[in-house]
Amino acid sequence: MNYFDVVCYISVLVSTYFNNVQSCNCTEPSQKDLENRFNSINDNLNMKSLFMYEGWENSTLNKTFEELLLQSTEYRNSGTCPKRHMKTSESLSLRTSCPWFPHMDTMETRYPKTIYVAKTHCKSCITTDSLQNTYCKPLERIIKVLIRSNDIVNGICQYKEDKYNVPVAFVCTRIFEKVNDHELTSIPLSFFRKTLLRQKILSGRETTTTLPISVTQNQIG
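Our numbering numbers the first residue of the sequence shown as 433 and each following residue consecutively.
Following this line, the structure appears as structure tokens:
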């Protein structure tokens with residue numbers, strides 16, 4: 433364990449200690465009060481609906497989400513990114529170039545204590561071509577949560593509103609390159625060289641090699 437790990441470990445212990453002391457000095461609000469307040473600030477949002485991107489109905493939402501959890505079990509437990517696209521007819525979350533699964537994120541001083549978030553084992557996208565300059569980027573939805581503060585009113589622990597970015601999926605994205613302080617995304621030169629070489633062989637003529645045209649983020653949106 434290096435110095436940085438030791439410092440982080442001590443920080444977690446100290447933070448946990450003070451949180452426990454704080455909780456001992458006040459009484460937690462009722463779960464019903466916290467639930468009502470959470471639903472109010474999020475317009476009665478059902479958190480499971482954040483992960484639904486194909487046809488779904490409120491009446492079957494719980495069942496659909498349970499199926500998503502079940503279908504993701506093998507990939508979640510594998511701990512590795514597949515080398516090829518998964519050959520499955522199941523959830524779209526597993527058939528993408530950045531397969532992901534629902535993961536339980538827990539925080540004792542937050543309401544809700546447990547929130548499902550999308551997680552992936554892949555850093556770069558699964559691809560079958562020569563365009564390797566990619567990474568898996570999370571798509572996020574912003575919700576409001578309740579975080580226990582240091583305030584106590586009439587012996588009751590107080591919770592304050594805070595924003596929380598919930599990753600709900602992952603998408604394949606090109607890595608940004610900076611040119612003259614401007615962020616651009618471009619197709620790698622190696623791809624253009626291979627393409628031009630094939631054209632030269634097929635045409636039997638000399639082909640002038642040109643630099644790839646960079647595309648700005650606004651142009652590809």
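All C-beta atoms in this analysis are idealised placements derived from N, C-alpha and C, irrespective of residue type, glycine included.
Beta-bridge annotation (DSSP): N597 is paired with I574.
In the DSSP assignment, D537 falls within the beta strand (DSSP E) that extends over F533 to T538. Annotation for H535: V549 and K551 place their beta carbon closer than 6 Å to its own, counting only its chain and skipping 5 residues before and after. Listed in chain order, the beta strand (DSSP E) runs fully inside the segment 480–554 are 533–538 and 546–551, counting runs of at least 3 residues. C-alpha of Y507 to C-alpha of K519: approximately 12 Å in a straight line. Separation of N586 and R573 (C-alpha to C-alpha, rounded to the nearest whole angstrom) is 35 Å. Bridge partners of K569 according to DSSP: V603. Residue range Q463 to I473 is occupied by the alpha helix (DSSP H) that includes N468. If you draw a straight line from the Cα of P514 to the Cα of I558, it comes to about 7 Å. The distance from the Cβ of I547 to that of M479 is about 7 Å, consistent with a contact at the 8 Å cut-off.
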